[in-house]
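Novice: Those letters in the sequence shown? Residues -21 to -1, 1 to 499, per mature numbering (1 follows the signal peptide of the UniProt record, and there is no 0), in order. I'd like to ask you about the structure that follows.
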Amino acid sequence: MNFKSITFFVVFLSCLLVSKAEKVEVVVEGATSIAQTDEDFICVTLDWWPTNKCDYDQCPWGQAGLFNLDLKNKILEKAVKAFHPLRIRVGGSLQDQVVYNVRNNIENCQPFQKQDKGFLFGFSIGCLDMKRWDELNEFFNQTRAKVTFGLNALIGRKESETEKTLWVGDWYSHNARDLMSYTISKGYTIDSYELGNELCGVGVSARIEAKQYAKDMATLKNLVKEMYPNPKTQPKILGPGGFYDKKWFDTFLDASGHDVIDGVTHHIYNLGPGNNPDVVRRVQDPFFLTQIAQTFKDVSNAIVKFAPWSGAWVSESGGAYNSGGQLVSYTFAFGFWYLDQLGMTSVYNHKVYCRQALTGGNYALLNTTTFVPNPDYYGALLWHRVMGSKVLSVTHKGSPYLRVYSHCAKKEPGVSFVFINLSKNTSFEIDLFHDLNLNGGIPNFEFKGHKKREEYHLTPKDGNILSSIVLLNGTPLELSDSLEIPELKPKLVDGLKPISIAAHSIAFVTIRDFNAPACS
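Below, the structure written as structure tokens:
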């Protein structure tokens, strides 16, 4: 074999390896839905962390905390408005150290100050004055956000003298009452109140016993009923907002009483610490990603057993704790984890999924300094726009590196899919089958569309999954000269052709003539 022949063979073999395509039959059960999310499933957190919140020799929060955030920034405003509406959770680790200066009776009302000892998380009590509360609500009103406010659940309690990190005593609700009274008097709308942050189970820096927390939730429910007597405008009650612990959750839900809690909230940080070099591998590992499914199922089962009138929420999820993965959380690669989480939680009947954070930390949807959207922002926005609330069962027997989720399309007829290709080298060609059997058996027929499909293919710049620049159908998503969020236009594809999913890519696909009875 001469040199030219060898060179050709090597190039040909390389092309085969890079472009290797696997045919996959994806089966959709369209007769009935298997779960349902809230219409506004996508949620983000605005956190209290100050500028000097640092992890692993990094201080990635900048001016993104609630006391410092530039609420007049036009990119920030437009990024939130694009969701129409976006759920925003006001809360985080320091919420149980926030007091509300409604009556102007707190001397030296200041934001958090760094402390060496004697306070949770190394910061002092932070004081929210009503001027800042007014500014925040002006922003929420301007952007039409749906607001969940995290209340301080430790106020009035004291740390146990015999058990470390355990806080005892009843919740002191008077400061929350003052804030609600002021909020109502100003005409500000709150969608829901969540009591405490990461105080369940063994807690993080503090914890409350399950029966005591149930008692406090009843106090909050009665307070909300009193302050908001109209059931149509009454904010929902959420909790406990921490990591799932079966014994603690079961005890709390069993003791909480009928119709007290509206949303059972829990947190997810399953990728380990932010400085873990294994994060980039984990977000591409289908076996690792699937491990967390049991938690979602367990939370849903607990709700069915003890509180069927409520719903499951992930009220905070940043993947990697301590401000996110240093080199991963703001890149294209993190979208593999994030969108898979959205799909998995929707299958397990979660109503809302709240990402940490809108801005601040390495895991923010918007760059902490410039507010320019990171790749996951566009994935969240596309999910919000194309994935409806009814969840369909979808399966395939192909590679585990292909993740597929399906919902009824949002607002218009049809079915929407999200395809997540975790494989670096393998692309997939998808043939759809529509299973209308209610009692199992072979799928009824292969689906061939006659209308053009709407396809949104997300890929990283230069094929580098650690890039912070994402391409939509081959075009970089960038702000316009007037700082507008780019329009997300689909590629229209012949409905008779297979769906092609490139290696290391994410695709949203809507098929308008896929007539699933569940979506009628």
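Beta carbons: idealized from backbone N, C-alpha and C, even for Gly. Please read all numbers here as calculations on a predicted model, not as lab measurements.
Along the chain, where does the beta strand (DSSP E) containing H246 start, and where does it finish?
Specialist: Here the beta strand (DSSP E) through H246 covers G242 to I247.
Novice: For S308 and D319, what's the separation of their Cα atoms in angstroms?
Specialist: Answer to the nearest angstrom: the Cα atoms are 14 Å apart.
Novice: To which residues does DSSP link G221 through a beta bridge?
Specialist: Bridge partners of G221: H245.
Novice: Report all residues from its chain with a CB closer than 6 Å to the CB of Y151; omit the five preceding and five following residues, and keep chain order.
Specialist: Hits under 6 Å: I134 and G135.
Novice: In three-state DSSP terms, what is W362?
Specialist: Helix at W362.
Novice: Would you tell me roughly how many angstroms separate the C-alpha atoms of G251 and R261, rounded to the nearest one?
Specialist: G251 and R261: Cα-Cα distance of roughly 10 Å.
Novice: Output needed for G428: all residues of its chain with C-beta closer than 6 Å, excluding positions within five of it in sequence on either side, in chain order.
Specialist: These residues qualify, in order along the chain: G474, I490 and D492.
Novice: Given V183, which residues of its chain have a CB within under 6 Å of its CB, disregarding the five upstream and five downstream residues?
Specialist: Cβ within range, chain order: E177.
Novice: Beta carbon of G242, beta carbon of S325: below 8 Å?
Specialist: Their beta carbons are not under 8 Å apart, which means G242 does not touch S325 by this criterion.
Novice: Would you kindly report the start and end of the unbroken beta strand (DSSP E) that includes H386?
Specialist: Element bounds for H386: L381 to A388.
Novice: Quick check on DSSP: helix, strand or coil for C498?
Specialist: Of the three classes helix, strand and coil, the one that applies to C498 here is helix, per DSSP.
Novice: Under 8 Å between the Cβ atoms of C333 and V293?
Specialist: Yes. Within cutoff.
Novice: Whose CA, out of M323, M196 and L445, lies closest to the CA of L371?
Specialist: Of M323, M196 and L445, the residue nearest in Cα terms is M323.
Novice: Can you pull the DSSP bridge partners for S296?
Specialist: According to DSSP, S296 bridges with I247 and R334.
Novice: If you check the beta carbons only, do K431 and L381 fall under 8 Å apart?
Specialist: For K431 and L381, no; Cβs fall outside 8 Å.
Novice: Since E56 is in the alpha helix (DSSP H), which residue starts that stretch and which ends it?
Specialist: Start and end: K53 to K60.
Novice: Can you give the Cα-Cα distance for N122 and K2, rounded to whole angstroms?
Specialist: Checking the sequence shown, residue 122 turns out to be Thr, not Asn. Their Cα atoms are separated by approximately 44 Å.
Novice: Looking at the strands, I want to know which residues DSSP matches up with I67.
Specialist: Partner(s): V23 and V126.
Novice: Could you tell me which residues DSSP pairs with F396 in its beta bridges?
Specialist: DSSP, once it has assigned bridges, lists S385 and V488 as partnering F396.
Novice: If you drop the 5 nearest sequence neighbours on each side, which residues of the same chain put their C-beta closer than 7 Å to that of F426?
Specialist: Excluding residues within five positions, the ones whose Cβ falls inside 7 Å are L411, F412, H413 and F493.
Novice: What do you reckon, are the CB atoms on A132 and D195 nearer than 8 Å?
Specialist: Cβ distance < 8 Å, so A132 and D195 count as in contact.
Novice: So for G314, helix, strand or coil by DSSP?
Specialist: Three-state DSSP puts G314 in a helix.
Novice: With DSSP run on the structure shown, which of helix, strand or coil describes K226?
Specialist: Three-state DSSP puts K226 in a helix.
Novice: Report buried or exposed for I485, applying the criterion of at least 16 other Cβ atoms within 10 angstroms of its Cβ.
Specialist: Buried: at least 16 other Cβ atoms inside 10 Å.
Novice: In the structure shown, what three-state DSSP assignment does P455 receive?
Specialist: DSSP places P455 in strand when its eight states are reduced to three.
Novice: Where S12 and K369 are concerned, what is the direct C-alpha to C-alpha distance, given to the nearest angstrom?
Specialist: Computed Cα separation, rounded: 6 Å.
Novice: Using DSSP with H/G/I as helix, E/B as strand and the rest coil, what is K194?
Specialist: Three-state DSSP puts K194 in a helix.
Novice: Beta-carbon separation of V488 and F350 under 8 Å?
Specialist: Not in contact: V488 and F350 (Cβ atoms no closer than 8 Å).
Novice: Measure from the alpha carbon of G298 to the alpha carbon of each residue in L268, P287, G101 and S279, then state which is nearest.
Specialist: Ranking the options by Cα distance to G298, first place goes to L268.
Novice: With a cut-off of 8 Å, do at least 3 Cβ pairs link the stretch 381 to 393 to the stretch 442 to 461?
Specialist: No, the stretch 381 to 393 is not in contact with the stretch 442 to 461.
Novice: Using 10 angstroms around the beta-carbon of A481, count the other beta-carbons present and answer buried if the total reaches 16, otherwise exposed.
Specialist: Buried is the call here.
Novice: Between the beta-carbon of E173 and the beta-carbon of L217, is there less than 8 Å?
Specialist: Yes; because the gap between Cβ atoms is below 8 Å, this pair is in contact.
Novice: Might you give, ordered along the chain, the residues of its own chain that have their beta carbon closer than 7 Å to the beta carbon of K93, omitting 5 neighbours on each side?
Specialist: The residues are N31, G101 and F102.
Novice: Here's the rule: buried if 16 or more other CB atoms are within 10 angstroms of the residue's CB, otherwise exposed. What is T438?
Specialist: With 16 or more other Cβ atoms within 10 Å, it is buried.
Novice: Mapping the DSSP letters down to three states, classify L73 as helix, strand or coil.
Specialist: L73 falls in the helix class under three-state DSSP.
Novice: Using DSSP bridges, identify the partner residues of E472.
Specialist: A small fix is needed here, since residue 472 is Val in this sequence, not Glu. Paired residue(s): R432.
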